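Per this note's numbering, the sequence shown starts with residue 15, numbered consecutively.
Data first, discussion second: the structure below is written as structure tokens.
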Amino acid sequence: MAEAQPTAGASNVIEVENLRTEFHLRSSTVRAIDGVSFSVKAGECVGVVGESGCGKSTLGLSIIRLLPKIGHITSGSIRLNGRDLSALNEHEMQRVRGNNIGMIFQDPMTALDPTMNIGKQIAESVRIHRRVSRTGAMDRALEVLKLVGMPRPAERLHYYPHQLSGGLRQRVVIAIALACDPDLLIADEPTTALDVAIQAQILDLLEELRQKLHMAVILITHDLGVIAARTDRVLVMYAGQIVEAATTLDLFARLRHPYTEALLQSIPRIDQRRDEKLIHIPGAPPDLGRELTACRFSPRCRYATDICRSDEPLLASDVDSPSPSVTEGRNDNTAVRTAMSGDAHVVACFHPVGVRGSAPSARPRGEGTSQMAPQGEPADIPVPTTEPAFAAALPGNGMGEVLVSSAETPTAPVLVLDHLIKEYPASSGFFGGRGLTVKAVSDVTFSIVRGQTFGLVGESGCGKTTIAKLVVALERPTSGSVTFDGVDLAKLRGSELRQRRRSFQMMFQDPYASLDPRMRVGSIIGEPLAIQKIGTSSQQRELVQELVAEVGLPYNAVERYPHEFSGGQRQRIGLARALALNPELIVADEPVSALDVSIQAQILNLMRSLQDRHKMTYIVISHALAVVRYLSDDIGVMYLGKLVEVGPADGVYGHTVHPYTRGLIDTIPDPDPTVRRGRRAAIQGELPSGVDPPSGCRFRTRCPFARDVCAEVEPPLRAFGPRHFAACHFPLQKPLPGDPPAYTA
15 MAEAQPTAGA SNVIEVENLR TEFHLRSSTV RAIDGVSFSV KAGECVGVVG
65 ESGCGKSTLG LSIIRLLPKI GHITSGSIRL NGRDLSALNE HEMQRVRGNN
115 IGMIFQDPMT ALDPTMNIGK QIAESVRIHR RVSRTGAMDR ALEVLKLVGM
165 PRPAERLHYY PHQLSGGLRQ RVVIAIALAC DPDLLIADEP TTALDVAIQA
215 QILDLLEELR QKLHMAVILI THDLGVIAAR TDRVLVMYAG QIVEAATTLD
265 LFARLRHPYT EALLQSIPRI DQRRDEKLIH IPGAPPDLGR ELTACRFSPR
315 CRYATDICRS DEPLLASDVD SPSPSVTEGR NDNTAVRTAM SGDAHVVACF
365 HPVGVRGSAP SARPRGEGTS QMAPQGEPAD IPVPTTEPAF AAALPGNGMG
415 EVLVSSAETP TAPVLVLDHL IKEYPASSGF FGGRGLTVKA VSDVTFSIVR
465 GQTFGLVGES GCGKTTIAKL VVALERPTSG SVTFDGVDLA KLRGSELRQR
515 RRSFQMMFQD PYASLDPRMR VGSIIGEPLA IQKIGTSSQQ RELVQELVAE
565 VGLPYNAVER YPHEFSGGQR QRIGLARALA LNPELIVADE PVSALDVSIQ
615 AQILNLMRSL QDRHKMTYIV ISHALAVVRY LSDDIGVMYL GKLVEVGPAD
665 GVYGHTVHPY TRGLIDTIPD PDPTVRRGRR AAIQGELPSG VDPPSGCRFR
715 TRCPFARDVC AEVEPPLRAF GPRHFAACHF PLQKPLPGDP PAYTA
């Protein structure tokens, strides 16, 4: 797909000048947006990037005038096609929202009304703004569903939000935003809640719609990889201000602000060395309720000097010289706004990175790391002519020689999943019918060596979280076994199971939802100790304080409530709670997906250091493949309940065998605008139903190499290297010569 570019000489659709937005609290006034200026042309995509709390979402809400009651635009202007939105009353703004400006929110489930079918929700906006009949509005709803690539749109027009997957729900939200052909589309973290394959499809869709409809787009995200591949220009925000702005290619080629550099270095890359700690930004953004007179990033900046701590730098378009100080005056923003609306590179910093020997701009890529081998057409492998039996263990002993982790010398595994099957009844609800089952996990076998990490990857709905629940005995398998330290967990009941549960704990995806908001942090962390009756009350309090210190929380955290902490701190609380019983195994289900890149790096570093200190075993479940690559010794790739590839991390990523694994790797956003820019998502289509999975190879309906045999014969897992197995008739690598299928009758 060709890279989208704004039309030469196109006029500005949106112009924001010297915008200031404040939240009036009882104790203070928070200046969330402080003097922001920028513009977006028709057909142009401008990315806004920064950590959580830096003002990105507030900027979008200010433009569309959807601030909460305590939020107020105190100065500046917002002009849409020359019309000042900041001067409109609420009734006039209602005619603009959904008509001239569309907005895509982060969580599609909370953005949709669960009591209305999606057709009515799309048609509602059309009827309000276009004053057409019900039939005409529904016709338009069907038209935009087709526009956003909804499969079977006429049928799904009558679906309710809960009947759709996350990716399809996001397409509905996009359809609502586009129903009235807006001039400006604001996309606020549109893919954060989605796995990488669906994320790539949604981003492709937004890019196609931008070109087709010639819209101005503001893309808000914390992911620099998304910014690199999908935007024309970038605004980097910190503490309510723009600290750097440039064209996307120019920014990544010669970034100037230390904050931009730190954001880029915080991202775990696919070629990240596991023996290196991830770089993270120390500290936290400043309190915007205080008067700030110095560089706002200086307390966290490694280049800060005395002038940074006393004066505030201005945006300057001359990137080859230090920024002027605020003491030189901030009385005319026109030059800066003009520079930011064009191709100029502006930065607010006294010590720009890479200028006059300040510092190297970014770490070298690939230095001291293994590079992924190029992948292309599948290897020419003979197709099996007889249908194999699919036992869940390798030939050998009674239970089979299970796939072990990547230790130099294989040792006895601490956890063994053998012939694991989990099915759920689907005799009611929207699946319909009686006697149907959802095949969540279908004949999965793997094991983990003590002290190592097994990464489990795949799209949402592939069975990863079901396996996590089976491992920690929150669910019982339909058949097969989960053996922990030689004990089959499915056979345990009552006190035996409760006692065994001390050995394994879970980290959840949403740290806030997993913490009781009515309990203080000390009680939350100490609750497992109280339930298991470990130690006296004073001993429990002492251990809780030690855990708080170990995960890097302040000593007074035990007296506070979860809502008083940031997302990263709440995940530290969850980790401390998981450590309370000194478990042997921690199952981390999407532990960093809800966090921005810098906090993500802190949590990943903490997990690695705690593993080394306590010799714990991890199962890490994530759709962020670079995260799994950094943490894991072995990796298993799941698709629709099946394990399609498993082996050492270096083998799975460096010598990929299965087309699905290659597709997942190719969808990883790369923070380099010259890499994969304009390429379409590697995995197309939607995940089939777990009630009626495809015959033969379950991936065949989305595989570019599928042939007739793929529909007739289920591929066995075959060996492609030491402890590296994959199930594919047409793999991207040749199997070991003379090696029989790993899974035999």
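Think of the CB as a built atom: it goes at the ideal place given N, C-alpha and C, for glycine as much as any other residue.
Treat the numbers as computed from the prediction; the structure is a model and nothing was measured.
- In this structure, the alpha-carbon of Phe522 lies about 7 angstroms from that of Glu604.
- In the DSSP assignment, Thr43 falls within the beta strand (DSSP E) that extends over Thr43 to Lys55.
- With a threshold of 16 other beta carbon atoms within 10 Å, Gly699 falls short and is exposed.
- Counting C-beta pairs with one atom in each stretch, the segment 488 to 495 and the segment 546 to 562 have fewer than three that are closer than 8 angstroms, which means they do not touch.
- Non-local beta-carbon contacts of Lys453 in its own chain, meaning distances under 7 angstroms to residues more than five positions away in sequence, involve Glu437, Gly655, Gly704 and Pro707 in chain order.
- The C-alpha of Ile548 is placed about 11 angstroms away from the C-alpha of Arg516.
- Tyr569 sits exposed, since fewer than 16 C-beta atoms from the chains shown fall within 10 Å of its C-beta.
- Cβ-Cβ distances below 6 angstroms link Thr88 to Arg34 and Glu36 in the same chain, with the five nearest sequence neighbours on each side left out; the list follows chain order.
- Under the DSSP definition of a beta bridge, Thr497 partners with Val430 and Asp502.
- Distance from the CA of Ala504 to the CA of Val455, rounded to the nearest whole angstrom, comes to 16 angstroms.
- For Ala602, the enclosing beta strand (DSSP E) has its first and last residue at Leu599 to Asp603.
- Between the alpha carbons of Ser474 and Arg532 lies a distance of about 31 angstroms.
- Counted as a single uninterrupted DSSP element, the beta strand (DSSP E) harbouring Met520 occupies residues Phe518 to Met521.
- Counting only residues of its own chain and dropping the five nearest sequence neighbours on each side, Glu726 has a CB closer than 6 angstroms to the CB of Gly710.
- Taking the Cα positions, Glu222 is about 19 angstroms away from Asp680.
- Sixteen is the threshold: when 16 or more other Cβ atoms of the shown chains lie within 10 Å of the Cβ of Ser312, as they do, the residue is buried.
- In the structure shown, Ser91 adopts extended strand secondary structure according to DSSP, grouped into three states.
- Between Ser636 and Leu470, the C-beta spacing is below 9 angstroms.
- Arg247 sits in a strand when the DSSP states are folded into three classes.
- For the set Ile92, Arg288 and Glu578, the Cα lying nearest the Cα of Arg643 is the one of Arg288.
- Non-local C-beta neighbours of Arg714 in its own chain, meaning closer than 7 angstroms and more than five positions away in sequence, comprise Pro708, Ala720, Cys724 and Ala725, ordered along the chain.
- Per DSSP, Phe266 is one residue of the alpha helix (DSSP H) stretching across Thr262 to Ala267.
- In this chain, the beta strand (DSSP E) harbouring Val60 covers Cys59 to Val63.
- In the three-state scheme derived from DSSP, where H, G and I count as helix and E and B as strand, Ser331 is classed as coil.
- According to the DSSP assignment, Ile321 belongs to the alpha helix (DSSP H) that extends over Asp320 to Ser324.
- Distances from the CA of Asp202 to each of Ala426, Ser53 and Ile241 were compared; the closest alpha carbon is that of Ile241.
- No Cβ-Cβ contact shorter than 9 angstroms links Pro299 with Cys59.
- Within the model, the alpha-carbon separation for Met107 versus Arg45 is close to 23 angstroms.
- For Gly668, the secondary structure class from DSSP, reduced to helix, strand or coil, is helix.
- Around the beta-carbon of Ile462, 16 or more other beta-carbon atoms lie within 10 Å, marking it buried.
- If you ignore the 5 residues before and after Leu450, its C-beta comes within less than 6 angstroms of the C-beta of Ala440 and Val705, all in its own chain and listed in chain order.
- Judged by DSSP in its simplified three-state form, Gly150 adopts helix.
- Excluding five sequence positions before and after Cys194, the CB atoms of its chain that fall closer than 7 angstroms to its own CB belong to Gly112, Asn113, Ser139, Val140, His143 and Arg144, given in chain order.
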